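*Asks:* Pasting a structure below so you can have a look.
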Amino acid sequence: MIKTILPIKYSILFIVFCSCIVSSCRSSEQSITEENNTPFNVVVNLVSAGNQPETFRKTASSDQKNISDNEIQKFTVPLDETTDITATLSPKIENKKNLATTRAVTELEDDIRYKVAVYDSSGNFVDEKTFTYKQDDTGFQLEGNQNYTFVAYSVNSTSTVPTVSNTPRTLATDRLNNVNGDLMYFKTNMTVSSSGTNYLDIILKHLYSQITTKLDARQVGAISLVENATIGPTNNSANLSLGTGSLTYNSSPGAVTPVTNFQPLNTEVVTSAPTLLISNTTETARLNIGRIVVGGIPRDNYRLSNLKITPGVQYNLNLRLGPCRENNTPFHFSTMNARPVTFSVPATDFGYVIDIPTMSRSFMLDINGTRIARQEIYFHSEPYGPDRQNIRFTDGTAWGRNGIPDISDMTGDIGKPLIRIVVNRDGVVSMFGSKTPLGDLYPIEAINDNRFNTVSLNRTGNNTFLASQHNISLTFMSGFVTGQRTTPCAP
Numbered sequence: 001m002i003k004t005i006l007p008i009k010y011s012i013l014f015i016v017f018c019s020c021i022v023s024s025c026r027s028s029e030q031s032i033t034e035e036n037n038t039p040f041n042v043v044v045n046l047v048s049a050g051n052q053p054e055t056f057r058k059t060a061s062s063d064q065k066n067i068s069d070n071e072i073q074k075f076t077v078p079l080d081e082t083t084d085i086t087a088t089l090s091p092k093i094e095n096k097k098n099l100a101t102t103r104a105v106t107e108l109e110d111d112i113r114y115k116v117a118v119y120d121s122s123g124n125f126v127d128e129k130t131f132t133y134k135q136d137d138t139g140f141q142l143e144g145n146q147n148y149t150f151v152a153y154s155v156n157s158t159s160t161v162p163t164v165s166n167t168p169r170t171l172a173t174d175r176l177n178n179v180n181g182d183l184m185y186f187k188t189n190m191t192v193s194s195s196g197t198n199y200l201d202i203i204l205k206h207l208y209s210q211i212t213t214k215l216d217a218r219q220v221g222a223i224s225l226v227e228n229a230t231i232g233p234t235n236n237s238a239n240l241s242l243g244t245g246s247l248t249y250n251s252s253p254g255a256v257t258p259v260t261n262f263q264p265l266n267t268e269v270v271t272s273a274p275t276l277l278i279s280n281t282t283e284t285a286r287l288n289i290g291r292i293v294v295g296g297i298p299r300d301n302y303r304l305s306n307l308k309i310t311p312g313v314q315y316n317l318n319l320r321l322g323p324c325r326e327n328n329t330p331f332h333f334s335t336m337n338a339r340p341v342t343f344s345v346p347a348t349d350f351g352y353v354i355d356i357p358t359m360s361r362s363f364m365l366d367i368n369g370t371r372i373a374r375q376e377i378y379f380h381s382e383p384y385g386p387d388r389q390n391i392r393f394t395d396g397t398a399w400g401r402n403g404i405p406d407i408s409d410m411t412g413d414i415g416k417p418l419i420r421i422v423v424n425r426d427g428v429v430s431m432f433g434s435k436t437p438l439g440d441l442y443p444i445e446a447i448n449d450n451r452f453n454t455v456s457l458n459r460t461g462n463n464t465f466l467a468s469q470h471n472i473s474l475t476f477m478s479g480f481v482t483g484q485r486t487t488p489c490a491p
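For the sequence shown, the residue numbers in full-length UniProt numbering are 1 to 491.
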């Protein structure tokens, strides 16, 4: 009998001992503590940020290229007489590995700060804490077997996070006021279990729109300047109800948001920094670009209207310049002492660019027997005989005035001319000039009864050019004629 009882007693003791060890291990694993060593039962885990409403997720396939056509907006708007811009506005879709379908999620930067507020089933405020993404591993100690509402919010910043200022605090009354940062929001209900650890996974949703603008001038020319670009209308800020997630926009009539930091300049493709748009507009958004310089030629006041922007959606706005073109070998010419020079240049289907890096007071250019302007183009501020200044910049400034040297006192170079003449495929003439040696080019207009003519261009064979100057003291001029032809655009 003793032999039978003893093994049973030892077996029971061994089972109890093992149970204690297992219980101790589980307790150690789950008893993550805060700085005050108080165990918590709700662990907060910020997963990512969502950048699109559910309607976009449902229509997007697992391939980013297959976004619904209804979500992609496409426009073609002239930039000038020779160049168009095809604008494509499409929702930004992020493909994340190990996801069955495409999700509109973005990885947050490390150390982003966010707050989580907790409310009981009656909407009463319970607790709130500030967390730092990938830094804190803390949570809440809440009463078990109770239902709570969790609200998380952030402005995607490593230094600041909004604050609820109203008192007393309730889910129905709590709000964030005058938020002008990248506002993100999350809300969920969860019943907290009284046993074990509860995990709160947070995916913050962007509430404001964000647009990244790309200018693509491949096979057109390098982009050296983009200035005074804006998008709007917009508001300065908005107020967020934590209970409903609804926004109240703080009206700012006529307000627009700058589109900035296009990089890298002096290349054929430049991309802006993401632009935040605080607006509930879906019909009237517009993009304005005050000036863009492509291939050394400035274009002013580009406008793209009727962009449909959905709040909370991140977009890519691709602006593709065209038609694509390529240059023929430049033809060099020069003249001195008022001796005209005649030369022939092969025909093209896109027109010509004539650069003049050095010249004296005036010049004239004929193409196939038609002068490019009604009168000799005279640049000097001081008249000479019947000639007087009949050309100036479109901003009203002119050579020999407004602190700009006389044109004969400056020298340009290949790619940095004093004067650039553009003759498009229809024979329409436009001119650009520099205010400093080797400087940027600005649009020019004819004045004092002068005007530009339209010339006739041959599409086959050659076009005949005649460069001449009035005999005004010492005369000289040199230049390059470059024919341009269209070519298929690379994908």
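The beta-carbon is built from N, C-alpha and C at its ideal position, and this holds for glycine as well. Model, not experiment: these values are computed from the prediction.
#1: With three or more C-beta pairs closer than 8 Å as the rule, is the stretch 224-234 touching the stretch 283-302?
#2: Should H332 go down as buried or exposed, given a rule of 16 or more other Cβ atoms within 10 Å for buried?
#3: Say whether the stretch 451-462 touches the stretch 294-310, bearing in mind that this needs 3 or more beta-carbon pairs closer than 8 Å, one atom from each stretch.
#4: Could you pull the DSSP bridge partners for P253 from this structure?
#5: Skipping 5 residues on each side, what residues in its chain have a beta carbon closer than 6 Å to that of I278?
#6: Does the stretch 403-416 come within contact of the stretch 257-277, defined as at least 3 CB pairs closer than 8 Å?
#7: Taking N390 and I377 to be in contact with their CB atoms under 8 Å, please state how far apart those CB atoms are, rounded to whole angstroms.
#8: Name the residue from L418, T138 and Y148 whose alpha carbon lies nearest to the alpha carbon of S122.
#9: Skipping 5 residues on each side, what residues in its chain have a beta carbon closer than 7 Å to that of T257?
#10: Quick one: what does DSSP say I85 is sitting in, helix, strand or coil?
#11: Check whether the Cβ atoms of G483 and V345 lie closer than 8 Å to each other.
#12: The beta strand (DSSP E) with F393 in it runs from where to where?
#13: Indicate the three-state DSSP secondary structure (helix, strand or coil) for I297 in the structure shown.
#14: Which two residues bound the contiguous beta strand (DSSP E) that contains R48?
#15: By DSSP, does L99 sit in helix, in strand, or in coil?
#16: Can you tell me whether R420 is buried or exposed? The criterion is at least 16 other CB atoms within 10 Å of its CB, across all chains shown.
#17: Can you check whether the CB of G144 is closer than 8 Å to the CB of N41?
#18: Note down the Cα distance separating L176 from T160, rounded to an integer number of angstroms.
#19: If you draw a straight line from the C-alpha of V22 to the C-alpha of P168, how long is it?
#20: Find the nearest neighbour of L79 within the set P488, S194, V294 and F125, judged by alpha-carbon distance.
#21: Please report the residue range of the beta strand (DSSP E) in which I112 lies.
#22: Mapping DSSP to helix, strand and coil, what is E143?
#23: On a Cα-Cα basis, can you pick out the residue from K92, V77 and L46 that is closest to P323?
#24: Quick one: residues in its chain with C-beta nearer than 7 Å to the C-beta of G427, no 5 flanking neighbours on either side, listed in chain order?
#25: Which term fits T487, buried or exposed, when burial requires 16 or more other beta carbons within 10 angstroms of its beta carbon?
#26: Any chance you could list the beta strand (DSSP E) runs of at least 3 consecutive residues sitting entirely within the stretch 368-425, in chain order?
#27: Check whether the Cβ atoms of F140 and V118 sit closer than 8 Å, and answer yes or no.
#28: If you follow the beta strand (DSSP E) that G232 is part of, which residue opens it and which one closes it?
#29: Per DSSP, what kind of secondary structure is N268 in: helix, strand or coil?
#30: Would N424 pass as a contact of G369 if the rule is Cβ separation under 8 Å?
#31: Just the C-alpha distance for S246 and D201, rounded to the nearest angstrom, thanks.
#32: Which same chain residues, not among the five before or five after T86, have their C-beta less than 6 Å away from its C-beta?
#33: To the nearest angstrom, how far is it from the Cα of L474 to the Cα of W399?
#34: Using CA coordinates, which residue listed in N463, G396, M359 and I447 is at the minimum distance from I472?
#35: By Cβ distance below 8 Å, which residues in the same chain neighbour A490 in space, the five residues on each side in sequence not counted?
#36: Which residues in the same chain have their Cβ closer than 8 Å to the Cβ of P298, if we skip the five residues on either side of it in sequence?
*Replies:* Result, derived from the coordinates:
#1: yes
#2: In the sequence shown, the residue the question calls residue 332 occupies position 332. Exposed, by the Cβ-count rule.
#3: no
#4: In the sequence shown, counting from the first residue as 1, residue 253 sits at position 253. Per DSSP, none; premise fails for P253.
#5: Your numbering for residue 278 matches position 278 in the sequence shown. Within the same chain, I278 has close Cβ partners Y208, T234, N235 and A238.
#6: no
#7: Counted from its first residue, the sequence shown places residue 390 at position 390. Counted from its first residue, the sequence shown places residue 377 at position 377. Right, the Cβ-Cβ distance comes to about 7 Å (below 8 Å), so this counts as a contact.
#8: Taking the sequence shown and counting its residues from 1, one reaches residue 122 at position 122. Residue Y148 is the option with its Cα nearest to S122.
#9: Sequence index remark: in the sequence shown, residue 257 carries index 257 (1-based). Excluding residues within five positions, the ones whose Cβ falls inside 7 Å are T230, I231, G232, T234, T275, L276 and L277.
#10: Position 85 of the sequence shown holds residue 85. Here I85 sits in strand by DSSP.
#11: The sequence position of residue 483 within the sequence shown is 483, counting from 1. The sequence position of residue 345 within the sequence shown is 345, counting from 1. Contact flag set, yes.
#12: For this step, residue 393 is matched to residue 393 along the sequence shown. Segment I391 to F393, the beta strand (DSSP E) holding F393.
#13: Translated into positions along the sequence shown, residue 297 becomes position 297. Of the three classes helix, strand and coil, the one that applies to I297 here is strand, per DSSP.
#14: Translated into the one-based positions of the sequence shown, residue 48 becomes position 48. Reading off the sequence, residue 48 comes out as Ser, not Arg. From DSSP, the beta strand (DSSP E) with S48 extends over V42 to G50.
#15: What you label residue 99 is simply residue 99 of the sequence shown in a count that begins at 1. Confidence is the limiting factor: at L99 the pLDDT is only 41, short of 50, which leaves the residue's position unreliable and the question unanswerable from this model.
#16: Counting from one through the sequence shown, the residue named residue 420 turns up at place 420. R420 comes out buried.
#17: The residue labelled residue 41 in the question sits at position 41 within the sequence shown. The residue labelled residue 144 in the question sits at position 144 within the sequence shown. Yes, these two residues count as a Cβ contact at 8 Å.
#18: By one-based count along the sequence shown, residue 176 stands at place 176. By one-based count along the sequence shown, residue 160 stands at place 160. Using only the alpha carbons, I get a separation of about 13 Å.
#19: Mapped onto the sequence shown, residue 22 falls at position 22. Mapped onto the sequence shown, residue 168 falls at position 168. Confidence in V22 is poor, its pLDDT being 38 and thus under 50, which makes the residue's placement too unreliable to answer from.
#20: Taking the first residue of the sequence shown as position 1, residue 79 is located at position 79. Of the listed residues, the one whose Cα sits closest to L79 is V294.
#21: Residue 112 sits at position 112 when you count from the first residue of the sequence shown. First-last for I112: undefined, no H or E at that position.
#22: Mapped onto the sequence shown, residue 143 falls at position 143. Here E143 sits in coil by DSSP.
#23: What you label residue 323 is simply residue 323 of the sequence shown in a count that begins at 1. When only C-alpha atoms are compared, the closest one is V77.
#24: Stepping through the sequence shown from its first residue, residue 427 is reached at position 427. So the qualifying residues of the chain are T454, V455, S456 and L457.
#25: Position 487 of the sequence shown, counting from 1, holds the residue named residue 487. It counts as exposed.
#26: 391-393 and 419-424
#27: Translated into the one-based positions of the sequence shown, residue 140 becomes position 140. Translated into the one-based positions of the sequence shown, residue 118 becomes position 118. It is a contact, given that the beta carbons lie within the stated cut-off.
#28: Taking the first residue of the sequence shown as position 1, residue 232 is located at position 232. Looking at the DSSP string, the run of the beta strand (DSSP E) that includes G232 is I223 to G232.
#29: Numbered from 1 along the sequence shown, position 268 holds the residue referred to as residue 268. Note that residue 268 is Glu in the sequence shown here, rather than Asn. Reduced to three states, the DSSP call for E268 is coil.
#30: Reading the sequence shown from its first residue, position 424 is the one you call residue 424. Reading the sequence shown from its first residue, position 369 is the one you call residue 369. No. Outside cutoff.
#31: Numbered from 1 along the sequence shown, position 246 holds the residue referred to as residue 246. Numbered from 1 along the sequence shown, position 201 holds the residue referred to as residue 201. S246 and D201: Cα-Cα distance of roughly 22 Å.
#32: Indexing the sequence shown from 1 puts residue 86 at position 86. So the qualifying residues of the chain are T76 and R320.
#33: The residue given as residue 474 occupies position 474 in the sequence shown. The residue given as residue 399 occupies position 399 in the sequence shown. Roughly 18 Å separates the two Cα atoms.
#34: Sequence index remark: in the sequence shown, residue 472 carries index 472 (1-based). Residue M359 is the option with its Cα nearest to I472.
#35: Residue numbering aside, residue 490 sits at position 490 when the sequence shown is read from its first letter. For A490, where only same-chain residues beyond five positions count, the Cβ hits under 8 Å are R218, Q219 and C324.
#36: As a position in the sequence shown, residue 298 is number 298, starting the count at 1. Correct list, in chain order: L225, R291, I292, F432, D440, L441, Y442 and P443.
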